[in-house]
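Take the sequence shown: its letters are residues 5 to 430, numbered as in our numbering.
Note sheet for the following structure.
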Amino acid sequence: MSVTVIVGSQWGDEGKGKIVDLLGKDADIVARYQGGANAGHTIVIDGKQTVLHLVPSGILAGNTKCVIGNGVVIDPIALLDEIKMLESQGFSVKDRLFISRKAHLIMPYHKILEIAIEKQKESGCEIGTTGRGIGPAYNDKTTRSGLRIIDLTDKKGFEEKLRVNIKSINKFLKNVYDHEEVNAEETIREFSGYYEKIEPFICDVTVMLNEAIKNDERIFVEGAQGALLDLDHGTYPFVTSSNPTSGGACTGLGIPPTSIDKVIGVVKAYCTRVGNGPFPTELEDAIGAQLRKTGAEFGATTGRPRRCGWLDLVALKYSVMINGISDIALTKLDVLDEMPEIKVCTGYMIDGKEVKNFPVEINTLKRIVPILKSVKGWNKSLSSIKSFADLPKEVLDYFKIIEDFCGAEIKIVSLSPDRKDTIFKD
Numbered sequence: 005m006s007v008t009v010i011v012g013s014q015w016g017d018e019g020k021g022k023i024v025d026l027l028g029k030d031a032d033i034v035a036r037y038q039g040g041a042n043a044g045h046t047i048v049i050d051g052k053q054t055v056l057h058l059v060p061s062g063i064l065a066g067n068t069k070c071v072i073g074n075g076v077v078i079d080p081i082a083l084l085d086e087i088k089m090l091e092s093q094g095f096s097v098k099d100r101l102f103i104s105r106k107a108h109l110i111m112p113y114h115k116i117l118e119i120a121i122e123k124q125k126e127s128g129c130e131i132g133t134t135g136r137g138i139g140p141a142y143n144d145k146t147t148r149s150g151l152r153i154i155d156l157t158d159k160k161g162f163e164e165k166l167r168v169n170i171k172s173i174n175k176f177l178k179n180v181y182d183h184e185e186v187n188a189e190e191t192i193r194e195f196s197g198y199y200e201k202i203e204p205f206i207c208d209v210t211v212m213l214n215e216a217i218k219n220d221e222r223i224f225v226e227g228a229q230g231a232l233l234d235l236d237h238g239t240y241p242f243v244t245s246s247n248p249t250s251g252g253a254c255t256g257l258g259i260p261p262t263s264i265d266k267v268i269g270v271v272k273a274y275c276t277r278v279g280n281g282p283f284p285t286e287l288e289d290a291i292g293a294q295l296r297k298t299g300a301e302f303g304a305t306t307g308r309p310r311r312c313g314w315l316d317l318v319a320l321k322y323s324v325m326i327n328g329i330s331d332i333a334l335t336k337l338d339v340l341d342e343m344p345e346i347k348v349c350t351g352y353m354i355d356g357k358e359v360k361n362f363p364v365e366i367n368t369l370k371r372i373v374p375i376l377k378s379v380k381g382w383n384k385s386l387s388s389i390k391s392f393a394d395l396p397k398e399v400l401d402y403f404k405i406i407e408d409f410c411g412a413e414i415k416i417v418s419l420s421p422d423r424k425d426t427i428f429k430d
């Protein structure tokens with residue numbers, strides 16, 4: 005068996021797309037297990053940038069098969085637009101993309117409802133969602149009123165379920181959020197042609213994946229967002245609506261935990277966060293602005309500027325623990341090239357007491373004062389580096405601090421967004 009899970013180890017935007025694309029070249033299958041079109045995986049090959057929101061990052065890698073699992077919520081419009089974009093760039097999608105019939109659909113009213121809910125929240129309580137309808141779609145899934153890909157196969161049944169859902173949604177929109185109602189018949193007409201377009205990609209991916217596991221095929225599994233945005237284990241309530249942690253791979257694809265033999269954590273060499281929520285090492289100064297500018301820290305999906313800060317080793321150690329991370333893929337190391345001094349967080353002060361573990365209570369997280377350790381920067385470009393042996397001593401010292409604190413080994417290092425600028429330890 006060879007199932008490797010690749011997770012974002014921080015608050016998302018760690019560069020998972022590049023790592024999955026890179027490793028996917030040698031994979032039989034790359035599978036996505038959660039999230040929706042709120043994710044943005046940016047891949048650069050020979051200077052050309054491609055941004056993926058739903059289709060797994062392995063689609064750019066040769067003949068690798070790509071799977072969208074049942075744990076993903078799918079916006080048919082976004083999916084079809086992405087398929088069209090990929091085909092226009094010369095990438096083969098037909099007979100390579102497989103979509104779970106159990107995956108839930110994002111409906112137009114989910115987007116309307118998400119924006120209406122966010123607008124009504126009191127100042128400071130907004131999550132900072134993308135407005136893509138992800139949360140309400142997962143909410144419908146949990147309340148067992150969601151519509152799935154398989155429902156599109158039954159035209160009459162789909163329309164009946166849709167009318168019932170819209171009738172219920174309209175009560176909330178009109179009476180709670182003071183919003184105009186959704187027209188059920190217009191929505192039905194909009195969705196009437198989607199099944200024919202999506203049908204060639206639909207299959208029982210759970211059976212497909214388990215057969216592949218039995219046949220010892222090499223499978224890489226990717227999530228969206230990051231572990232600290234996990235619905236259960238993240239900085240709740242400032243989290244996403246699903247489980248980006250490695251455990252979500254099993255429920256989001258229908259594969260057994262015993263099939264997973266490695267978890268790779270993608271870690272940015274510093275920290276970023278988009279949207280609201282606690283961020284212990286955030287830098288709201290010139291250094292934070294420099295990280296944002298040098299690292300081009302703007303959301304691939306929304307274009308929003310990301311909040312930037314030093315690497316938080318306490319949070320990273322927590323992520324390594326809950327995901328079972330053994331190997332680290334460290335990204336954006338080049339962003340630190342011109343820093344004469346780099347800092348890392350090795351502990352927290354809360355109400356005058358030192359805390360070594362990552363807290364889960366939101367009010368506690370807000371009171372954190374980070375304990376920062378200074379590290380000498382390498383103050384030179386790493387663009388010409390082709391192997392670990394060529395890395396400056398200061399870089400290796402930085403690696404050792406990370407590894408010793410977190411208990412995982414840095415095996416992959418990314419030195420630019422481009423696929424070719426990557427070095428491997430082994």
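For glycine and all other residues, C-beta sits at the position ideal for the given N, C-alpha and C.
Remember, it's a predicted structure, so these values are computed and weren't measured experimentally.
If the five residues before and after residue 252 are omitted, its C-beta is found closer than 7 angstroms to the C-beta atoms of 37, 38, 75, 227, 246, all from its own chain and listed in chain order. Note on residue 200: under 16 other CB atoms within 10 angstroms of its CB, so exposed under the neighbour-count rule. Around residue 413, the same chain offers 330, 331, 332, 407, 429 as residues with beta carbons nearer than 8 angstroms, after the five sequence neighbours per side are excluded. The segment 364-382 makes no contact with the segment 50-58: fewer than 3 CB pairs, one atom from each, lie closer than 8 angstroms. In this structure residue 308 is exposed. Its beta-carbon is surrounded by fewer than 16 other beta-carbon atoms within 10 angstroms.
Scanning 311, 242, 12, 419 for the CA closest to the CA of residue 289 turns up 311. Taking residue 107 as reference, the option from 286, 123, 205, 351 with the minimal CA-CA separation is 205. Residue range 290-298 is occupied by the alpha helix (DSSP H) that includes residue 290, with no beta strand (DSSP E) assigned at that position. Contact between the segment 215-234 and the segment 147-161 is absent: fewer than 3 CB-CB pairs across the two stretches fall below 8 angstroms. Annotation for residue 370: the continuous alpha helix (DSSP H) segment containing it runs 366-370. Assignment of residue 329 by DSSP, reduced to helix, strand and coil, places it in the coil class.
Assignment of residue 362 by DSSP, reduced to helix, strand and coil, places it in the coil class. With a 10 Å radius around the Cβ and a threshold of 16 neighbouring Cβ atoms, residue 345 comes out exposed.
Across the structure, residue 109 and residue 203 are spaced so that their CA atoms are roughly 14 angstroms apart.
Taking 8 angstroms as the upper bound for CB-CB distance, residue 282 and residue 347 are not in contact here, some 18 angstroms apart. Contact between residue 426 and residue 26 holds, with the beta-carbon distance rounding to 6 angstroms and staying under 8 angstroms. Here residue 169 has 111, 113, 144, 149, 151 as same chain residues with Cβ atoms under 8 angstroms from its own Cβ, once five neighbours each way along the sequence are excluded.
Annotation for residue 31: 62, 68, 222, 223, 224 place their beta carbon closer than 7 angstroms to its own, counting only its chain and skipping 5 residues before and after. Apart from the 5 residues on each side of it in sequence, residue 235 sits with its Cβ closer than 7 angstroms to the Cβ of 243, 244, 245, 246, 247 in its chain, given in chain order. According to DSSP, residue 316 shares a beta bridge with 349. Proximity to residue 352 across 284, 11, 302, 402 peaks at 284, based on C-alpha coordinates. A contact is defined here as three or more CB-CB pairs under 8 angstroms, and the segment 11-25 fails this definition with respect to the segment 380-398. In this model, residue 239 and residue 415 are separated by some 28 angstroms (Cα to Cα).
Counting other Cβ atoms within 10 Å of its Cβ, residue 338 reaches 16 or more and is therefore classed as buried. Residue 208 and residue 88 have their C-alpha atoms spaced approximately 23 angstroms apart. For residue 265, the enclosing beta strand (DSSP E) covers residues 264-272. Nearest Cα to residue 59 within the set 49, 45, 66: 45. Take the alpha-carbon of residue 212 and the one of residue 349: they are about 43 angstroms apart.
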